[in-house]
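J.:
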Amino acid sequence: MVDEYLNQIKTKADADKFVNLLRNKDFINAVNNLPDLEKVFKCRDIKKVARMVGEVKLWNEVEKREIKGGNSKKLESYTYYFEENDTTYDTGSWIVSEYGVIKRINDLELYAAYQTIIVTKRLINIEDDTEMFELTFDDNGEWKKKNIPRTMLSSGSNVSKLVNYGICIAPSNANNFCNYINDFYNLNSVIIPTVKSISRLGWIDNRFNSFLPYIKGNIICDVEGEYKKIMENFTSRGSYNVWKNNFLNARENHNVRLYTDASFASPLLKIIGINGFIVHLYGDRGKGKTISLMLAMSVWGNPEMGCLTNGIDNTLFGLEKRAEFLQNLPFSGDEMQNIDKKQFNNDTLIYMISNGSGKGRGTKDGQLDRQSSWNLVMLTTGEIPITSDSSRSGCKVRCIEIQNSHEMYQDIDLMQFANIIKNNYGFAGEEYIKYLIELGKDEIRKRFEETKEELLKESQVKLDSKQLNAVSALKLADELVRERLFSEEKKLGNSEFLGLVKDEDEINIAIRAKESVISEIIRERYYFDDEKDSEEVKAEKRLRRNKTNGKINFEKQEVYINLNCLKEYLEKFGFNFNMVKEKWAEDGIIEVYNSKQKYYTRYGEYGTVVKFKKLYDSDLENIEPLSEPPF
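Right, here's the structure in full:
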């Protein structure tokens, strides 16, 4: 009724209509007949109209004289009944209604919010003891909930940021809003439930009986924004049987099977107590690498690109924060060749993921921020290996590289298969986690040690401990998956997993650096003097050459190489002399002079040289000297 009267006043030109309206007893009676709380807010609306037509003074007089409980009313104590949880809250002197939150003291109106908003939960983070409030608010007729840190709710400058969540806060009412939220909680602390929360996924603690987002116990995840979007992708859709049949069909290819085993291995790492690692699938484009990554992520939820499957075009800090949030769930990185080398390189990423911790950072107030940590498997793809010849040995052993030189999905329509995976996903992950909880950490650790022993016995070469841990985790995951999910699959032999292990020549950086140097010496042997050359021949060669890199004895397979030339060769391939010299000396590849472990010496006209005295596999045995330039 009141709104019908007010709707007649549309512009400043309707000032006379407004004056007549205030003299209309029916209008005044309609206002007075409103419920008390609604009347307060309706009077606010009338004042807005009065301001528009320039009759605020007249309205103030009418309100004071004729509106029962007008601006002379002092609010003392009110309540608000929230139908959604059947709870009546004490709001003190704040009036909470469908029109918002307001406090009126004589002529003063304090607006806290222009929508209904209350505190419905108090959340205490079990890892850092920080607190959040769950705010429940009306957003255009829809109830929404947001978890907001209490620190944000205690400062008028910070609380304005809540507009990003649909909470209408302006600088003019920000401090009132903070005061209202504080009053509301203090008045209702007894009836507002307190719950434990955590700001990440994965295993909750070392008892290994709760795992977010599947087996929650009494813990909730309190994240908002982008992290909440990530969490929402851990869900199921479509048909489990459709997904399973297509998943098993794809796993008939051993590369696909080993790669998807890595996805199942990720939650095992914290239980068995080993570091994380990267499993990289590489090969020419069009062979099914990205669909294999999507397949591996479909175990847990939505494998769409941008959901659980992601590219690698991010900052190192962004990748670090995502890894921290995933914690023990697999982390995806498609097309590693797209890394922005100005941001970081592959080796930096490998060490970060496997070490399971980010950089320590300070806070604005000079304190040390909590360091990020995680323990997971990262699944990546690319057209080339993730490590290079110049990668440190530590990088080589921290990743498993699966080369795919053939089409992995020869009898499968990739587009149709991708659509199936995008529409059927997220069933296996929860069932697998339940099985891990049923087995318990002691049984899982026992089986892991047995798996390691089994692989050690069958291996024909010495296994690096990190490589052994990684392939053992894959093998154990494969067995657990067969037991719980895929009983139809045949057991893989140990050789399938041992085939993923790098040999010593691939791992040892000194060997790789030595091979690179020898290849350069052979390529540029024209610029080295031959031990057999006479002085006349040497003089003749030097007339045609513009440099002399050293001297070669082809029979003894010894090379005296100028130190600066050697460093140039190493740097060309990404190595460093200081990185390899000790290992070269230890292996007898280069000469060591005197007790001070000097790795080079003066050698006549060749300047400071390093002497290579042991070359594997008779590198120079069948190489002839060059009397002419190699070009």
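Under our numbering, the first residue of the sequence shown is numbered 14, with each subsequent residue one higher.
Note that beta-carbon positions come from the ideal geometry of N, C-alpha and C, so glycine has one too.
Do you know how far the Cα of Tyr112 is from the Cα of Asn45?
T.: Going by the C-alpha atoms only, they are around 17 angstroms apart.
J.: Go through its chain and collect everything with a Cβ distance to Gly251's Cβ below 8 angstroms, but skip five positions before and after it.
T.: The answer, listed in chain order, is Asn436, Asn437, Tyr438.
J.: Does the pairing of the region 228-245 with the region 265-280 give three or more beta-carbon distances under 8 angstroms?
T.: Touching, no, given that fewer than three Cβ pairs across the two stretches are closer than 8 angstroms.
J.: According to the neighbour-count rule (16 or more other Cβ atoms, all chains shown, within 10 Å of its Cβ), is Ser202 buried or exposed?
T.: Ser202 comes out exposed.
J.: Give the straight-line distance between the Cα atoms of Asn84 and Asp152, rounded to the nearest whole angstrom.
T.: In this predicted model, Asn84 has a pLDDT of only 47, less than 50, meaning its place in the structure is not dependable enough to derive any value.
J.: Given this structure, state the Cα-to-Cα distance separating Ile366 from Glu348, to the nearest angstrom.
T.: Using only the alpha carbons, I get a separation of about 17 angstroms.
J.: Hey, Gly369 and Asn341: beta-carbon distance below 8 angstroms or not?
T.: Not closer than 8 angstroms, so no.
J.: Which value, in whole angstroms, describes the spacing of the CA atoms of Asn351 and Phe277?
T.: Asn351 and Phe277: Cα-Cα distance of roughly 26 angstroms.
J.: What is the residue span of the alpha helix (DSSP H) that Asp360 lies within?
T.: Per DSSP, Asp360 belongs to the alpha helix (DSSP H) from 359-368.
J.: Between Ile130 and Met145, is the Cβ-Cβ spacing less than 8 angstroms?
T.: Not in contact: Ile130 and Met145 (Cβ atoms no closer than 8 angstroms).
J.: Under 6 angstroms Cβ to Cβ from Asn420, same chain only, skipping five residues before and after it: list those, please.
T.: Before going further, note that residue 420 is Glu rather than Asn in the sequence given. Closer than 6 angstroms at Cβ, skipping near neighbours: Lys300.
J.: Out of Ser311, Leu329, Lys61, Asn607, state which residue places its alpha-carbon closest to the alpha-carbon of Gln356.
T.: Among Ser311, Leu329, Lys61, Asn607, the Cα nearest to that of Gln356 is on Leu329.
J.: Alpha carbon to alpha carbon, what distance is there between Ile291 and Ile446?
T.: So the alpha carbons of these two residues sit roughly 21 angstroms apart.
J.: Return the CA-CA distance between Cys408 and Asn359, expressed in angstroms with no decimal places.
T.: Those two C-alpha atoms are separated by around 9 angstroms.
J.: DSSP state of Gln356, grouped into three classes?
T.: Three-state DSSP puts Gln356 in coil, outside helix and strand.
J.: Return the chain-ordered list of same chain residues with a C-beta closer than 8 angstroms to the C-beta of Leu468, the five sequence neighbours on each side being excluded.
T.: Taken in chain order, the residues that qualify are Leu476, Leu481, Val484, Ser485, Lys488, Asn507, Phe510, Leu511.
J.: By Cβ distance below 7 angstroms, which residues in the same chain neighbour Ala28 in space, the five residues on each side in sequence not counted?
T.: Counting only Cβ-Cβ distances below 7 angstroms, and skipping sequence neighbours, we find Val66, Gly67, Glu68.
J.: With 16 other CB atoms within 10 Å as the buried threshold, where does Gly375 fall?
T.: Residue confidence for Gly375 is low, a pLDDT of 49 falling below 50, so the modelled location carries little weight; the figure read from the coordinates is stated next. Burial call: exposed.
J.: Under the rule that 16 or more other beta-carbon atoms within 10 Å means buried, what is Lys87, buried or exposed?
T.: With a pLDDT of only 43 at Lys87, under the threshold of 50, the placement of this residue in the model should not be trusted, and no figure is reported.
J.: Would you mind giving the Cβ-Cβ distance between Asn186 and Tyr124, rounded to the nearest angstrom? I have them listed as a contact below 8 angstroms.
T.: Rounded, the Cβ-Cβ distance is 5 angstroms, consistent with contact.
J.: Exposed or buried, which one is Arg411 when buried takes at least 16 other CB atoms within 10 Å?
T.: It is buried - the Cβ of Arg411 has at least 16 other Cβ atoms within 10 Å.
J.: Can you tell me whether Val514 is buried or exposed, with buried defined as 16 or more other CB within 10 angstroms of its CB?
T.: Under this definition Val514 is a buried residue.
J.: Mapping the DSSP letters down to three states, classify Phe95 as helix, strand or coil.
T.: Strand at Phe95.
J.: If contact is defined by three or more beta carbon pairs under 8 angstroms, each pair taking one atom from either stretch, is the region 590-601 in contact with the region 519-527?
T.: Yes: the two stretches touch, three or more of their Cβ pairs being nearer than 8 angstroms.
J.: Inspect the CB distances between the region 544-564 and the region 492-504 and report whether three or more fall short of 8 angstroms.
T.: With a cut-off of 8 angstroms, the region 492-504 and the region 544-564 do not count as touching, because too few Cβ pairs lie within range.
J.: So what's Cys408 in DSSP terms, helix, strand or just coil?
T.: Cys408: helix per DSSP, three-state reduction.
J.: Suppose you measure from the CA of Gly617 to the CA of Glu463; what does that come to, to the nearest Å?
T.: Those two C-alpha atoms are separated by around 60 angstroms.
J.: What is the rounded straight-line gap between the Cα of Lys547 and the Cα of Glu533?
T.: Looking at the sequence itself, residue 547 is Ser, so the reference to Lys does not match. Approximately 24 angstroms between the Cα atoms of the pair.
J.: Count Cβ pairs between the region 313-326 and the region 233-248 that sit closer than 8 angstroms; are there 3 or more?
T.: Flag = yes, the region 313-326 and the region 233-248 touch.
J.: Given that a residue counts as buried once 16 or more other Cβ atoms are within 10 Å of its Cβ, and exposed if not, what is Tyr364?
T.: Classification of Tyr364: exposed, given that the 10 Å Cβ count is below 16.
J.: For Glu466 and Gly296, I'd like the C-alpha separation in whole angstroms.
T.: Taking the straight line from one Cα to the other gives about 32 angstroms.
J.: So which of Leu148, Phe338, Tyr573 has the shortest CA-CA distance to Gly179?
T.: Taking only the C-alpha atoms, the option nearest Gly179 is Leu148.
J.: Is DSSP giving Trp72 helix, strand or coil here?
T.: It is helical.
J.: May I ask you to report which of helix, strand or coil DSSP gives Asn566?
T.: Residue state, collapsed to three classes: strand.
J.: Nearest by alpha-carbon distance to Ser385: which of Ile108, Leu225, Thr561, Arg213 is it?
T.: The candidate whose alpha carbon is nearest that of Ser385 is Arg213.
J.: Here's a check: name, in chain order, each residue in its chain whose Cβ is nearer than 6 angstroms to the Cβ of Lys116, leaving out the five neighbours to either side.
T.: Result list for Lys116: Ser106, Trp107, Leu123, in chain order.
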